[in-house]
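To keep things clear, I will list the structure first and then write my remarks on it.
Numbering (UniProt numbering), first residue to last: 1 to 441.
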């Protein structure tokens, strides 16, 4: 939490194998903040940072800088590892290496016979990986540790004692289109299903073509869950909703404003298009495709092609993350305080399959992340984010320190946050809260 009480939020997109890119991105951002923390305590040169144990990946814990992390799909995996289990960047990377074994095509069924159809990967392998992850990182070493952290349940805490609030998106198979939220914290209404952490990991990764769905709940009232990639692959809207649910109190109206919200993507995709070439009138071109689709006069030779095109286009539209980002960004006016930031690798990952978890593709992803973070335009985005975070955390960056932009010119502590009492602002806040809190469960 910021020094003045305004929450700092993190949103993690889904993206299959490309979700790996979020780990080095977050590592780079958090290490910049840690550099500023070190510089606050002592004068230090850029060359000596490399030897500081605080900046080693095994000592970088993202949960220390965020009050709430919401994730979807592999972004949900990252959210649980960094937030609910309080894992360091190094621990997250090791877990991803082990996760690669799960994402190998399952060619045999339980009896050892060759599989025909069905999900691409083994749900049993995913469950075994999830259980092991929980067992190795919770104080009680219990693979059945619950997602919800109860104040009196010490066994549910993490071995290192670190964690932050985490919300994970999924969907009930009987109500696709309305995400359900698994939470590590309590809310007053629509609390949802309380279950084990491994079950949440299964639910948020249960894409219908990749893994079998998972049934969660009491024996007499189990519900079927799949992942939320179709409509909530970018969970940023649910970050705002959950913030209202957590910090909305009768004696704290309006709830505190957002201090900072950071959105991390899984790499930009190529442009969604129906066009098959420069000649739209050609067979398979967009004009021919559209005419056939709307008139029903489909050439027999094009039927299979049209069905495949329609399926792929609709799937990409449903899973698109950038449109939601653009909507959120557009909701802030030019004169509004800058609180929303998004980082997403621009180029290099378009051709990496979401289902391909192998060393070759991870090399492509890491190279793409390096190219993105070393680009001048990326630095222009990072500087205002660091400035915002350092201000919220009350970190004054000394002069001549290579950790980002100067953020404070005085030694004064950040003023305590006081909600506005202006009736117009209060009414506007109530309206926003009602719209954001109208859905989710």
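Cβ coordinates follow ideal geometry from the N, Cα and C atoms, glycine included.
Of 330, 263, 331, 269, the smallest CA-CA separation from residue 382 is found for 263. The three-state secondary structure of residue 169, taken from DSSP, is strand.
Bridge partners of residue 264 according to DSSP: 12, 343.
By the Cβ-count criterion, residue 151 is exposed, with fewer than 16 other Cβ atoms from all chains shown falling within 10 Å of its own Cβ.
Residue 233 carries a coil assignment under DSSP once its states are collapsed to helix, strand and coil.
Residue pairing by DSSP puts residue 214 in a beta bridge opposite 225.
Bounds of the alpha helix (DSSP H) holding residue 202 are 197 to 205.
By alpha-carbon distance to residue 16, the top candidate from 82, 240, 234 is 234. In the DSSP assignment, residue 180 is bridged to 170. When beta bridges are read from the DSSP output, residue 70 appears opposite 11, 167. Counting C-beta pairs with one atom in each stretch, the segment 128 to 145 and the segment 213 to 224 have fewer than three that are closer than 8 Å, which means they do not touch. Linking residue 12 to residue 342 through their CA atoms gives a straight-line distance of about 10 Å. Closest by C-alpha distance to residue 204, out of 185, 232, 156, is 232.
Using a Cβ distance threshold of 7 Å, residue 66 and residue 164 count as a contacting pair. In this structure, the alpha-carbon of residue 57 lies about 31 Å from that of residue 324. Around the Cβ of residue 199, a 10 Å sphere holds 16 or more other Cβ atoms; the residue is buried. Burial is judged here by how many other beta carbons sit within 10 angstroms of a residue's own beta carbon; residue 167 has at least 16 and is buried.
Closest option to residue 80, judged by alpha-carbon separation, among 147, 40, 18: 147. DSSP places residue 126 in the helix class (H, G or I) of the three-state scheme.
Here DSSP, grouped into helix, strand and coil, assigns residue 374 to coil. Annotated three-state conformation of residue 138 is strand, per DSSP. Taking a C-beta distance under 7 Å as the contact criterion, residue 192 and residue 180 qualify as a contact pair. Here residue 367 is exposed: its Cβ has fewer than 16 other Cβ atoms, across all protein chains shown, within 10 Å. Bounds of the alpha helix (DSSP H) holding residue 99 are 89 to 99. For residue 188, the closest alpha carbon among the candidates 71, 245, 376 is that of 245. Looking at the backbone, the Cα of residue 35 and that of residue 28 are separated by about 11 Å.
Considering only 77, 61, 93, the residue with the shortest C-alpha distance to residue 362 is 93. The C-alpha of residue 352 is placed about 8 Å away from the C-alpha of residue 364.
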